[in-house]
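Worksheet: one structure, shown below.
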Amino acid sequence: MDAWSGEDLAQVVLAGDREAGQAVVTAVAASACVRQMITYKRSDLLLRIASLRRERREEFAVVIARETGKPIRLACIEVGCTISGWEKGAEEVSRERG
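Sequential numbering from 401 applies to the sequence shown in this note's numbering.
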């Protein structure tokens, strides 16, 4: 819902117990798959997410601004922070431990 006008922004489908359970099963399987990835592939995956966010930065910012009523400038900063977070994650995954 648009924070200022009250207008619906989109329609969403609510998940039931069955869909929520399937989402958990899928997430656990994906987690196991990612844990087995070679470090540089995990890093590449996180960088790809950051890149996709960057490509759609304006679109994300518009949605955030409309949902929250934030000025677009602040919404852009918020999106930038998420991009930085994914990039930092990619950097951290690449570090040798131990």
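Each residue gets a CB set at the ideal place from its N, CA and C atoms; glycine is no exception.
Note that the structure is predicted; figures quoted are calculated from it, not measured.
Kindly indicate which three-state DSSP category Asp-417 falls into: helix, strand or coil? Numbered from its first residue, the sequence shown carries residue 417 at position 17. Asp-417 falls in the helix class under three-state DSSP.
Using 9 Å as the threshold, is the C-beta distance between Leu-446 and Ala-490 below it? The residue given as residue 446 occupies position 46 in the sequence shown. The residue given as residue 490 occupies position 90 in the sequence shown. Their beta carbons are under 9 Å apart, which means Leu-446 touches Ala-490 by this criterion.
Tell me which residue opens and which closes the alpha helix (DSSP H) that Ala-404 is part of. Counting from 1 along the sequence shown, the entry for residue 404 is found at position 4. Residue 404 is actually Trp in this sequence, not Ala. First-last for Trp-404: undefined, no H or E at that position.
Nearest-angstrom Cα distance between Glu-478 and Glu-492? Here the question's residue 478 lines up with position 78 in the sequence shown. Here the question's residue 492 lines up with position 92 in the sequence shown. Approximately 21 Å, taken between the alpha carbons.
Taking all protein chains shown into account, do 16 or more other C-beta atoms lie within 10 angstroms of the C-beta of Ile-438, making it buried, or fewer, making it exposed? The residue you call residue 438 lines up with position 38 of the sequence shown. Burial call: exposed.
Exposed or buried, Arg-418, counting other C-beta atoms within 10 Å across all chains shown (16 or more means buried)? As a working mapping, residue 418 is identified with position 18 in the sequence shown. The residue in question, Arg-418, is exposed, as its Cβ has fewer than 16 Cβ neighbours within 10 Å.
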